[in-house]
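Numbering (the numbering used here), first residue to last: 227 to 386.
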């Protein structure tokens, strides 16, 4: 098993341990489906696969791939890891940005910085404190950035 695929399995396990099953499932589905590439790029990147596919198409008397056609090819180990890295970073950035926007809006309009959810007449409402949640989201973003840069450093070391 290559470095990327071991790392992929470890990341998926950690996502599940962190109760991020939905994210792990979405990422696994994307990796399983592969990536779509234009015919010309497929021909350049995957010469042997392109030739094998062209041969199979010819054998079955099907039309060859056209200039505007796309092929679906598997992600490489590194591409799978980059897909996960990108998704985690986007998730953390979005989490922080949405909380910061809510905090900024509340502050700009003199609104309460504590948001309550639920009907107080029917239940005990739950609440979040926007400053605290924004700070926690910022810390999570910085932690994700740090972890991702450590992964990049480790991969660069392994490649030497």
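The C-beta atom is built at its ideal place from N, Cα and C for all residues, glycine as well.
Predicted, not measured: the structure shown is a model, and the values here were computed from it.
Asked	Found
Own chain residues within Cβ distance below 6 Å of residue 318, not counting five before or after	366, 367 and 370
Residue 338 in three-state terms, based on DSSP	coil
Among 242, 245, 234 and 298, nearest to residue 264 - alpha-carbon criterion	298
Straight-line gap, residue 323 to residue 286 (C-alpha atoms, nearest Å)	52 Å
Nearest to residue 316 (by Cα), restricted to the options 364, 258, 262 and 260	364
Contact under 9 Å by Cβ, residue 314 with residue 360	no
Nearest-angstrom Cβ-Cβ length linking residue 309 and residue 253, presumed shorter than 8 Å	7 Å
Residue range of the unbroken alpha helix (DSSP H) whose run includes residue 247	247–259
Straight-line gap, residue 337 to residue 347 (C-alpha atoms, nearest Å)	22 Å
Separation of residue 300 from residue 341, as counted between CA atoms	45 Å
Burial state of residue 325, where buried means 16 or more other Cβ atoms lie within 10 Å	buried
Sheet register partners of residue 264 (DSSP bridge)	296
Environment of residue 238 [buried if 16+ CB atoms lie within 10 Å]	buried
Separation of residue 256 from residue 354, as counted between CA atoms	33 Å
Heavy atom of the ligand MN within 8 Å of residue 325 beta-carbon	The model on display carries no ligand, and the ligand MN is accordingly not part of it.
Beta-bridge partners of residue 355, as assigned by DSSP	340
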